[in-house]
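Chemist: Quick one: structure below, then a few questions.
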Amino acid sequence: MRTLIKGGTVLSPTGGTSADVLIEDERVVAVTAPGVFDNADTVLDATGKYVMPGGIDAHTHMEMPFGGTFSADTFETGTTAAAWGGTTTIIDFAVQAKGTSLVSTLDKWHEKADGNCAIDYGFHMIVSDVNDSTLKEMGTCIDAGVSSFKMFMAYPGVFYSTDGEILRAMQKATETGSTIMMHAENGIAIDELVAQSLAAGKGDPVQHGLTRPSILEGEATSRAIALAKVTGSPLYIVHLSAAEALSAVAEARNEGQNVFAETCPQYLYLSIEDLAKPDFEGAKYVASPPLREKKHQADLWRGLRTNDLSVVSTDHCPFCFKDQKELGRGDFSKIPNGMPGVEHRMDLLHQGVVAGEISLGRWVEACSTTPARMFGLYPRKGVIAPGSDADIVIYDPAARQTLSAETHHMAVDYSAYEGFEITGKVETVLSRGKVVVSSGTFSAGTGHGEFLPRELCQYLN
Ligand code: DUC
Ligand code: ZN
Ligand code: ZN
Ligand code: ZN
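The UniProt record's numbering puts the first residue of the sequence shown at 1, with every later residue one more than the last.
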């Protein structure tokens, strides 16, 4: 079965070129000058469109347990929404509960995901219980294709690890060549501020932002960097939201340390003003780290240009407004933390291209090529080249759309970007050569997505 995508502008981190793409079954077999091939079983006309490697969202949470509830997208609904938005790979987080093993955790996440995903998927492992056997099991996870481990400096008593525990896990990461991903917020100080706020009768959603000041993200980021330096471990800061944290990352990188960071669309486009919306509406925007003051946004865009922020992922972790966010009415600390976004990352970052904040090449690099390399999927994913999986998006840069909960495909009852006017739209999506989205119809079918065992970080190994 041969598919030819002709007449488009093929994108890569170096920009765009006029080229045709020939696919045989699941793989790309040739990228040629226009017109070299002219027939195939299926010919897709991409005239006037971008032909780009499918997006890789390296940070999602489907069916994630949190505060007595679960994030609202299942692997089925969440990966379907991802596909609609031009994302063809997700890397989700398996979550170790304290007192359980990493291997049983991984088995549990395979049970949730296997056979239920519309697109290909991998896992990171959240380590919340550092002990001799967990450390040993990190090696088992790597052998099973899970080569990155997230830890938390926030949420004391739940996911939190002490500096000593982080140090031990980082030593193991150094020994194995794996990557430590860090949720860098000073949870001990934050929990005190939260308790003081609630004791003073301040329970509205905006307090979520006010009790998690950006300097406590900066401090934790610096501390994580120091621990990584002592142990020689590479470090990947997840969901970086604050200028102080970005400065710490930039300084470490300038000094030659292997520190990387991602940010998310919500930190580029939304702010604490959204958290302050009246009538509990602010609960829709409760995520951690919190949305910041607008002034941080310009720094984050600059970080994307300079590569101090090298990845954009969503931290997609949706909770319905009606029955889930509601759990925290009157007590912001009980609002489940997370926002929906897996469907809109490619479109939202395209607005950065339209506005001149980032180049076309950076859009592709931060949303696809770099996450593939960072998390051991390249060149199978993240590039359109002979031998690569035919995970391809045909994107119409001139189309217009308005984001809304009425039209999105995520299983959540609100959009964090309700009414946002977007220039550009996904037209066609192929996942391993199969057309899964085409002009407003979805045809992947549950279970098309395969588990992706990942190699180690390809910038360092
Ligand atoms: N961190 C995440 O990465 N996702 C959801 C909640 C959190 O704190
Ligand atoms: Zn599996
Ligand atoms: Zn986190
Ligand atoms: Zn997350």
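Just so it is clear, CB atoms sit at the ideal spot from N, CA and C, and this is done for glycine as well.
Hey, would you say the C-beta of D163 is under 7 Å away from at least one heavy atom of ligand 4?
Modeler: Mapped onto the sequence shown, residue 163 falls at position 163. No, the Cβ of D163 stays beyond 7 Å of every heavy atom of ligand 4.
Chemist: Starting from the N-terminal side, write out each stretch of the beta strand (DSSP E) that is 3 residues or longer and does not extend beyond the stretch 87-112.
Modeler: 87-95
Chemist: With respect to the alpha helix (DSSP H) encompassing P371, which residues constitute its N-terminal and C-terminal limits?
Modeler: Taking the sequence shown and counting its residues from 1, one reaches residue 371 at position 371. Segment 370-374, the alpha helix (DSSP H) holding P371.
Chemist: As a quick check of your reading: which residues have a C-beta less than 6 Å from at least one non-hydrogen atom of ligand 1, in chain order?
Modeler: H61, H183, V238, H239, S288, D315, C317, N337, G338
Chemist: Relative to the C-alpha of G187, which candidate in G177, T221, K229 has its C-alpha closest?
Modeler: Along the sequence shown, one-based indexing puts residue 187 at 187. G187 has its Cα closest to that of T221, out of G177, T221, K229.
Chemist: Does DSSP put E421 in a helix, in a strand, or in coil?
Modeler: Reading the sequence shown from its first residue, position 421 is the one you call residue 421. Strand at E421.
Chemist: With a floor of 3 residues, list each beta strand (DSSP E) that falls wholly inside the stretch 122-179, ordered by position along the chain.
Modeler: 148-152
Chemist: Which residues mark the beginning and the end of the beta strand (DSSP E) in which G7 is found?
Modeler: In the sequence shown, residue 7 corresponds to position 7, counting from 1. Element bounds for G7: 2-12.
Chemist: Is the stretch 311-324 touching the stretch 357-374, taking contact as three or more C-beta pairs under 8 Å?
Modeler: yes
Chemist: Am I right that S133 and S101 are in contact with their C-beta atoms under 8 Å? What's the rounded C-beta distance?
Modeler: Here residue 133 corresponds to residue number 133 of the sequence shown, with the count starting at 1. Here residue 101 corresponds to residue number 101 of the sequence shown, with the count starting at 1. Yes, they are in contact, since the Cβ atoms of S133 and S101 sit about 7 Å apart, within 8 Å.
Chemist: Since D45 is in the alpha helix (DSSP H), which residue starts that stretch and which ends it?
Modeler: For the purposes of this step, residue 45 is taken as the residue at position 45 of the sequence shown. Looking at the DSSP string, D45 is not in any alpha helix (DSSP H); the run it does join, the beta strand (DSSP E), is 42-45.
Chemist: Going by DSSP, what residues sit across from H183 in a beta bridge?
Modeler: Here residue 183 corresponds to residue number 183 of the sequence shown, with the count starting at 1. Bridge partners of H183: F152.
Chemist: Return the Cβ separation of A242 and P289 in integer angstroms, given the expectation that the two are a contact with Cβ distance under 8 Å.
Modeler: Counting from one through the sequence shown, the residue named residue 242 turns up at place 242. Counting from one through the sequence shown, the residue named residue 289 turns up at place 289. 7 Å between Cβ atoms; contact.
Chemist: What do you get for R345, buried or exposed, if any count of 16 or more other CB atoms within 10 angstroms of its CB means buried?
Modeler: Mapped onto the sequence shown, residue 345 falls at position 345. The residue in question, R345, is buried, as its Cβ has 16 or more Cβ neighbours within 10 Å.
Chemist: For D191, collect the residues of the same chain with a Cβ closer than 8 Å to its Cβ; drop the 5 residues on either side in sequence, then sort them by chain order.
Modeler: Numbered from its first residue, the sequence shown carries residue 191 at position 191. Same-chain partners within the cutoff: P156.
Chemist: Should H208 be counted as a contact of ligand 4 given a C-beta to heavy atom distance under 7 Å?
Modeler: Indexing the sequence shown from 1 puts residue 208 at position 208. Between ligand 4 and H208, a heavy atom-to-CB distance of less than 7 Å is absent.
Chemist: Kindly indicate the opening and closing residues of the alpha helix (DSSP H) around T17.
Modeler: For this step, residue 17 is matched to residue 17 along the sequence shown. Annotation: T17 is outside any alpha helix (DSSP H); the continuous beta strand (DSSP E) that includes it extends over 15-24.
Chemist: Any heavy atom of ligand 4 closer than 7 Å to the beta-carbon of H296?
Modeler: Along the sequence shown, read from residue 1 onward, the residue named residue 296 stands at position 296. No - ligand 4 has no heavy atom lying nearer than 7 Å to the Cβ of H296.
Chemist: Run the proximity test for H59: is its beta-carbon closer than 7 Å to any non-hydrogen atom belonging to ligand 4?
Modeler: Translated into the one-based positions of the sequence shown, residue 59 becomes position 59. Correct: H59 has its Cβ closer than 7 Å to ligand 4.
Chemist: Which residue wins for smallest C-alpha separation from T87, given the options G361, G341, I272?
Modeler: For the purposes of this step, residue 87 is identified with residue 87 of the sequence shown, where counting begins at 1. For T87, the nearest C-alpha among the options comes from G341.
Chemist: I believe I126 touches A94 by the beta-carbon criterion, under 8 Å. Please report the beta-carbon distance rounded to the nearest angstrom.
Modeler: Your numbering for residue 126 matches position 126 in the sequence shown. Your numbering for residue 94 matches position 94 in the sequence shown. Contact flag correct, Cβ pair sits at about 7 Å.
Chemist: From the DSSP output, which residues share a beta bridge with L235?
Modeler: Along the sequence shown, read from residue 1 onward, the residue named residue 235 stands at position 235. DSSP lists I180, V259 as the beta-bridge partner residues of L235.
Chemist: For Q266, name the three-state secondary structure that DSSP assigns.
Modeler: Stepping through the sequence shown from its first residue, residue 266 is reached at position 266. Helix.
Chemist: Report yes or no: do three or more beta-carbon pairs, one from the stretch 65-83 and one from the stretch 378-398, lie closer than 8 Å?
Modeler: no
Chemist: Suppose contacts are defined by Cβ-Cβ distances below 8 Å. Is L246 in contact with Y267 by that definition?
Modeler: Along the sequence shown, one-based indexing puts residue 246 at 246. Along the sequence shown, one-based indexing puts residue 267 at 267. Using a Cβ distance threshold of 8 Å, L246 and Y267 do not count as a contacting pair.
Chemist: Does the structure place the stretch 325-340 close enough to the stretch 12-24 that three or more beta carbon pairs sit under 8 Å?
Modeler: no
Chemist: Identify, in the order they occur along the chain, each residue of the same chain with its Cβ nearer than 6 Å to the Cβ of T32, setting aside the five sequence neighbours on each side.
Modeler: Translated into positions along the sequence shown, residue 32 becomes position 32. Counting only Cβ-Cβ distances below 6 Å, and skipping sequence neighbours, we find D20.
Chemist: Look at C457 and T179 and say whether their C-beta atoms are less than 8 Å apart.
Modeler: Walking along the sequence shown from the start, residue 457 turns up at place 457. Walking along the sequence shown from the start, residue 179 turns up at place 179. Going by C-beta atoms, C457 is nearer than 8 Å to T179.
Chemist: Quick one: what's got a C-beta closer than 6 Å to E421's C-beta in the same chain, skipping five residues either side?
Modeler: Position 421 of the sequence shown, counted from the first residue, corresponds to residue 421. The residues are T402.
Chemist: Could you pull out every residue in the same chain whose Cβ sits closer than 6 Å to the Cβ of V206, ignoring the five residues on either side in sequence?
Modeler: Your numbering for residue 206 matches position 206 in the sequence shown. L275, A276, G282, listed in sequence order.
Chemist: Please report how far the alpha carbon of S233 lies from the alpha carbon of D38, in whole angstroms.
Modeler: The sequence position of residue 233 within the sequence shown is 233, counting from 1. The sequence position of residue 38 within the sequence shown is 38, counting from 1. Looking at the two C-alpha atoms, the distance is approximately 50 Å.
Chemist: Along the chain, where does the alpha helix (DSSP H) that runs through I272 open and close?
Modeler: Locating residue 272 in the sequence shown gives position 272, counting from the first residue. Counting along the chain, the alpha helix (DSSP H) containing I272 begins and ends at 272-275.
Chemist: Looking at the unbroken alpha helix (DSSP H) that takes in M346, where does it start and where does it end?
Modeler: The residue labelled residue 346 in the question sits at position 346 within the sequence shown. 345-354 is the extent of the alpha helix (DSSP H) around M346.
Chemist: Which residue wins for smallest C-alpha separation from M64, given the options A83, G54, A97?
Modeler: As a working note, residue 64 is residue 64 in the sequence shown. With respect to the C-alpha of M64, the residue from A83, G54, A97 having the closest C-alpha is A97.
Chemist: Note down, in chain order, each residue of its chain lying with its Cβ closer than 7 Å to the Cβ of A450, except the 5 sequence neighbours on either side.
Modeler: Mapped onto the sequence shown, residue 450 falls at position 450. A small correction: the amino acid at residue 450 is Glu; Ala does not occupy that position in the sequence shown. Around E450: D120.
Chemist: From the DSSP output, read off the bridge partner residues of M339.
Modeler: Here residue 339 is taken as the residue at index 339 of the sequence shown, counted from 1. In DSSP, M339 forms a bridge with H316.
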